[in-house]
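Have a look at the structure below before the remarks.
2 protein chains.
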Amino acid sequence: MTRKPTIKDVARAAQVSTATVSRVLEHASSVRPQTRERVLKAVAEVDYSPNVIARNLRRQETRSIFLVVRDMHNPFYLEVFHGVEAEARALGYNVFMGNTEDSVQRGRAYFQMLKTRYADGMILMTGKLPPDQQEILQAEYPPVVVASEYFPELDLPTVRIDNVTAAAAAVKHLIALGHRRIAHITGPTPEVLSRDRHQGYLQAHGEAGIIADPRLTVRGNFTIDSGHRACRKLAGLKPMPTAVFCSNDEMAMGAINELRRLGLSVPEQVSVVGFDDIVFAGAFHPPLTTIHQPRQAMGKAAMRLLGDLLAGLAVSSEPIMMPTELIVRGSTAPPAQGGQTTPKEV
Amino acid sequence: MTRKPTIKDVARAAQVSTATVSRVLEHASSVRPQTRERVLKAVAEVDYSPNVIARNLRRQETRSIFLVVRDMHNPFYLEVFHGVEAEARALGYNVFMGNTEDSVQRGRAYFQMLKTRYADGMILMTGKLPPDQQEILQAEYPPVVVASEYFPELDLPTVRIDNVTAAAAAVKHLIALGHRRIAHITGPTPEVLSRDRHQGYLQAHGEAGIIADPRLTVRGNFTIDSGHRACRKLAGLKPMPTAVFCSNDEMAMGAINELRRLGLSVPEQVSVVGFDDIVFAGAFHPPLTTIHQPRQAMGKAAMRLLGDLLAGLAVSSEPIMMPTELIVRGSTAPPAQGGQTTPKEV
DNA sequence: ATGAAAGCGCTAACAT
DNA sequence: ATGTTAGCGCTTTCAT
């Protein structure tokens, strides 16, 4: 026999109906031990394994979900995925990895696949939503939860952090060290996550009674290289900032490398703070002071939320807020005494 | 109507049979333009999208594959995934991300799911194979291809690099710089990939007529922390090695940090070479000299190979070998002049 | 060019 | 405790 054996083959071998075979394999309920034994033996005999595709049709579910991120290259997502995967496995789901590369069209494709029931639900970690996807709020649409990001205009179940407060904590740390001229390398605006972190930056200034110089805010895009470029711009300012708050760790690494190239030492001459606490933040030199996000826990929470939705449970409409923590390492210190920081000529 | 509309709803609205609707949506063949128009209008009217689950049963396929890695935390896989995903999308597949965490049992679970047709095929990036899975060579078993790793005892279609030659190139670079006392921090033995890289290390020594001191070979497990620990061991030797070849970049970073802690500067006092060229290798300080692997291309090639297998095409039984390249950056230099390298007291 | 009908393999409601 | 049966929604062969 070259085809995969079906439940009928087992039924024939065990001299029972297919229903009984299904019962033995699914619920282990209401089957005489003797019959059960016979079925199990037949299963082994013909080397049967159920055909999930048929089961899916019958049950109208796939037991799989999409996890869609904006940018595969950020290791931040690796750990979120780790949490999602662990929880999904516990709940009996598998996880499709999706990747929009920030393209609205690519995002739309995932919504479309969801609609065709390619998967039972979706965890969205992108900052953009296709413009025409308001139908996702309708009851018969498969459940979608948002993680890390969020959409103020759309009332979707969400797991995230308080970016404003977390960013403010980072900047307050710099202020407490004595810094007064603090730059901000932001994420890609106008996304809400970037906006929130900048608002935290401003809020920390406000609370300390410091006026934030708008020239000290430079736009990045979360890559190491954008950290280089943004930092180069900042280095051209007079007086230079004595500290830089970066909206993620990659940009902080880029900024530090650029400062080193300019002959400035971190943290002695310039302090740098990152955001995310990716695995490499602690291994970097100097080790990055940064905001820790509970990535894995966030992934788990998102999957748990989606699992509840898939199980038909009612969930709170309030976003689930995950805690963050300022991790002080070696990239921050009090500002250099008496005098101004200037790059050497280049 | 609260349920998802079916093809029957469209057929009714367009006054045609379901077969015609299917024809319009699938092949665009043999349908009068006029009828076709009417069907399309009805599709829009009832907001129909096909049910993939039913299609899957009919076609006996899921158009999805598993990508199974050993350790989610290595950013190496991110880029492989990127290549796999891009190629898969082009071929009309989606990718389940799997993760064995080096557990044979977890690996077995993926093979089991493959057997139940949870997915159509699998790309394996793990170094271990469940002992009882020899059945995967049988014709009716879904196709499995191996990427990056390989199994000498099992004749599976494979995409990989020549680890022996690549490792030898790294060590030859150190020898060419003048190093004679070169340590090796290996990956987890007895896996073939770790073994091959060590063999390359030995081969380079052999070709240069240098006797490799076996005490200079220390076992790691591909984590940053194992790089720390291994390097600490090496630092206890007298005389210390003047260079360290690490079987991946994470361990190289750990080794460099440990050397720094011991008061030794890289590359002035000790040279360090990594392997993989992960994204952070270039951003590290000092930037890592390492072996570049074409991760994304490897992912694409693996998916293309799997796609061919899924399409029923015959594929070569020879492994597809991807090119590697030595990238010389700042973590290697000639050995310190006249005299021996010793750590300061700790 | 179109329709009728079979059937993919399974599960669960219903019957005994 | 077990069997019978009706689909799940689609695609495709066969007929017209």
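Which chain is which? The protein sequence lines are A and B, in order. In terms of our numbering, the first sequence has 299 at position 299, counting the first letter as 1, and numbering is strictly consecutive. For our numbering, add 346 to where a residue sits in the second sequence, where the first one is 1. Beta carbons: idealized from backbone N, C-alpha and C, even for Gly.
Check, Outcome
"C-beta atoms of G573(B) and E604(B) nearer than 8 Å", "yes"
"Which of helix, strand or coil DSSP assigns to G282(A)", "coil"
"M667(B) in three-state terms, based on DSSP", "strand"
"Proximal residues, the stretch 94-106 of chain A versus chain B, C-beta separation under 7 Å", "N94, V95, F96, M97, N99"
"Top-ranked residue by Cα proximity to L562(B), from T588(B), T348(B), V674(B)", "T588(B)"
"Residue closest to R181(A), alpha-carbon to alpha-carbon, out of K172(A), P188(A), D277(A), T189(A)", "K172(A)"
"Enclosing alpha helix (DSSP H) for G83(A) [first to last residue]", "75-91"
"Per-residue contacts from R578(B) into chain A (C-beta, under 9 Å)", "Chain A residues near R578(B): none, gap ~15 Å exceeds 9 Å."
"Helix, strand or coil at L137(A) according to DSSP, with G and I counted as helix", "helix"
"Within chain A, the residues that M599(B) reaches when beta carbons sit closer than 7 Å", "A283"
"DSSP bridge partner residues for A348(A) (one or two, in chain order)", "Because residue 348(A) is not part of the residues shown, which for chain A are 1 to 346, the question remains open."
"Proximal chain A residues relative to F626(B), where beta-carbon distance stays under 7 Å", "F280"
"Beta carbon proximity, H373(B) to chain A, threshold 8 Å", "no"
"8 Å Cβ cutoff, I53(A) in contact with chain B", "yes"
"Neighbour flag for H292(A) against chain B, beta carbons, 8 Å", "no"
"Proximity test, Cβ basis, 8 Å: K4(A) and chain B", "yes"
"For N248(A) and L174(A), the rounded distance between their alpha carbons", "16 Å"
"Members of the stretch 120-143 of chain A near chain B, C-beta cut-off 8 Å", "A139, E140"
"Collapsed DSSP secondary structure at D277(A) in the structure displayed", "coil"
"Beta-carbon gap between A657(B) and V491(B) smaller than 8 Å", "no"
"Extent of the continuous beta strand (DSSP E) run through I602(B)", "I602(B) -> not in any beta strand (DSSP E); alpha helix (DSSP H) instead, spanning 595-607."
"Under the three-state DSSP convention, the category F66(A) falls into", "strand"
"Neighbour list for K115(A) in chain B, Cβ cutoff strictly below 7 Å", "S395"
"Beta carbon of T670(B) nearer than 8 Å to that of H631(B)", "no"
"Residue nearest to D473(B) in terms of C-alpha spacing, selected from L500(B), P489(B), R463(B), P488(B)", "According to the sequence shown, residue 473(B) is Gly rather than Asp. Among L500(B), P489(B), R463(B), P488(B), the Cα nearest to that of G473(B) belongs to L500(B)."
"Assigned exposure category for A176(A) - 16 Cβ within 10 Å defines buried", "exposed"
"Counted within 10 angstroms of its Cβ, other Cβ atoms place T158(A) as buried (16 or more) or exposed", "buried"
"Span of the alpha helix (DSSP H) around G98(A)", "Per DSSP, G98(A) belongs to no alpha helix (DSSP H); it is in the beta strand (DSSP E), 94-99."
"The stretch 105-124 of chain A contacting the stretch 470-489 of chain B, beta-carbon criterion three pairs below 8 Å", "no"
"Within-8 Å CB hit, E85(A) to chain B", "yes"
"Check whether H82(A) and Q296(A) have beta carbons under 8 Å apart", "yes"
"Enclosing beta strand (DSSP E) for L470(B) [first to last residue]", "467-471"
"Stretch-stretch touch, CB-based, cutoff 8 Å, three pairs: the stretch 66-79 of chain A with the stretch 414-425 of chain B", "yes"
"Where H551(B) falls: helix, strand or coil (DSSP)", "helix"
"Continuous alpha helix (DSSP H) assignments of at least 4 residues falling wholly in the stretch 8-34 of chain A", "18-26"
"Bridge partner(s) assigned by DSSP for I507(B)", "M668(B)"
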